Structure formats: structure tokens, C-alpha cells
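Residue numbers (our numbering): 358 to 508. From the three backbone atoms N, C-alpha and C, an ideal C-beta is built for every residue, glycine too. As the structure is a prediction and not an experimental result, all values here were calculated from the model. A short worksheet on the structure shown next.
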Amino acid sequence: MARQRSIFSFVLVLLATFLMSCGGPGVAVAPPTYTATQLERIQAYVPEIQAVRDRSDELKTLIQKGDWINVRNFIHGPITEARLNLTYVTPNLLPKDQAAARQITRDLFNDLVKLDKATSASNPLVALNQSQAAFTDIDKFLNLLPKKEEG
């Protein structure tokens with residue numbers, strides 16, 4: 358009788374272990390999505406960022422003319438403000454996109470520093486290349502943002 362009890366206990370332990378290992382949570386975890394508040398915060402900055410992006414030809418013209426004072430004003434005014442807006446938007450992005458957004462913002466900063474140095478040296482070739490790189494970074498950032506239909 359004692360032997361049957363120990364075998365019965367062993368079988369119950371095996372059955373319980375098997376059921377526990379197969380049981381796991383049955384609910385699938387939904388992928389992260391944007392909340393209405395996050396979308397609202399992001400969309401508040403998009404027009405300002407896009408407005409600076411749309412002015413790329415203006416900066417290119419200033420560089421080609423050699424109007425270095427206005428080029429520096431453009432760098433330290435609208436483009437720097439757009440960079441600041443990128444830093445405000447980044448925490449509201451999905452966690453998977455935040456690292457890329459931070460890297461793009463750093464790249465934009467580095468491009469702006471090089472652009473400012475080229476402007477100080479009155480070097481139009483380097484200035485044009487760096488301005489193109491800066492606006493490419495802004496485009497990359499805009500591509501990370503959710504579309505208005507999401508949510």
C-alpha cells in the first residue's frame with residue numbers, strides 16, 4: 358500500500374509539472390501603440406519641423422550667393438529650433454524608435470556644427486554638402502513619426 362501511494366504521488370507530481378509547463382499565459386501581448394496623448398504631442402511639432410524642411414532651397418540659395426551672415430542666422434535660428442523640436446518629440450515615440458531618433462538628432466547636430474564651421478570659413482562646397490546632410494537627417498526623423506491615420 359505504501360508503495361502504491363509513493364508511485365501515485367510520483368505520477369501526480371509528474372502530471373502537475375507537465376500541466377504547469379504547458380499552461381503558461383494564454384493572452385498574447387499586443388505590440389506597443391501610440392496613445393492619443395503621444396500622437397497629439399508629436400503632431401504638435403510636425404508642422405514646425407516640416408516648415409524648416411521645406412525651406413531647404415532657401416538655405417541652398419543663401420550658400421550659393423555667399424550670404425554667410427544669413428546662412429549663420431538660418432543655422433542658429435530655424436534649423437536649431439527644428440533640432441530642439443526633434444528632442445521634444447523623441448520621448449513620445451515608441452521605445453523601438455527612440456534610439457534611432459536620438460541617433461538622428463545627434464547626426465543632425467554634428468552636421469550643423471560642420472555646416473557652421475564651413476560657413477565661418479566661407480566654404481560653399483562643404484556648406485552645401487553639410488546642409489544637404491542636415492536636411493537628409495530631418496527627412497529620416499520625419500519618416501520615423503507615426504502617420505496621422507495611426508492610433
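Let's test the definition: count the other Cβ atoms within 10 Å of the Cβ of residue i and tell me whether it reaches 16, buried, or not, exposed.
i: F365; result: exposed
i: F498; result: buried
i: T418; result: exposed
i: K462; result: Position check: residue 462 holds Thr in this sequence, whereas Lys was assumed. That one is buried.
Is the separation between the beta-carbon of residue i and that of residue j shorter than 7 Å?
i: N449; j: Q395; result: yes
i: I426; j: A484; result: no
i: Q487; j: L472; result: yes
i: D494; j: D464; result: yes
i: A457; j: I406; result: no
i: P435; j: V409; result: yes
i: A491; j: D468; result: yes
Under DSSP, the alpha helix (DSSP H) around residue i begins and ends at which residues?
i: D473; result: 452-477
i: L502; result: L502 -> no alpha helix (DSSP H), and no H or E assigned at all.
i: T447; result: Looking at the DSSP string, T447 is not in any alpha helix (DSSP H), and its letter there is neither H nor E.
i: T418; result: 413-422
i: N427; result: 425-431
Once you ignore the five residues that flank residue i on each side, which residues in its own chain have a CB closer than 6 Å to its CB?
i: R412; result: none
i: G508; result: Only weak support is given to the placement of G508: the predicted model assigns it a pLDDT of 41, under 50, and the value that follows is read from those uncertain coordinates. Hits under 6 Å: Y391, L396.
i: R429; result: T476
Excluding five sequence neighbours on each side, which residues of the same chain lie with their C-beta closer than 7 Å to the C-beta of residue i?
i: Y402; result: N442, Y445, V446
Report all residues from its chain with a CB closer than 8 Å to the CB of residue i; omit the five preceding and five following residues, and keep chain order.
i: G423; result: S479, P481
i: F466; result: R440
i: P452; result: P389
i: R362; result: none
i: I399; result: Y391, V446, N449, L450, L502, P503
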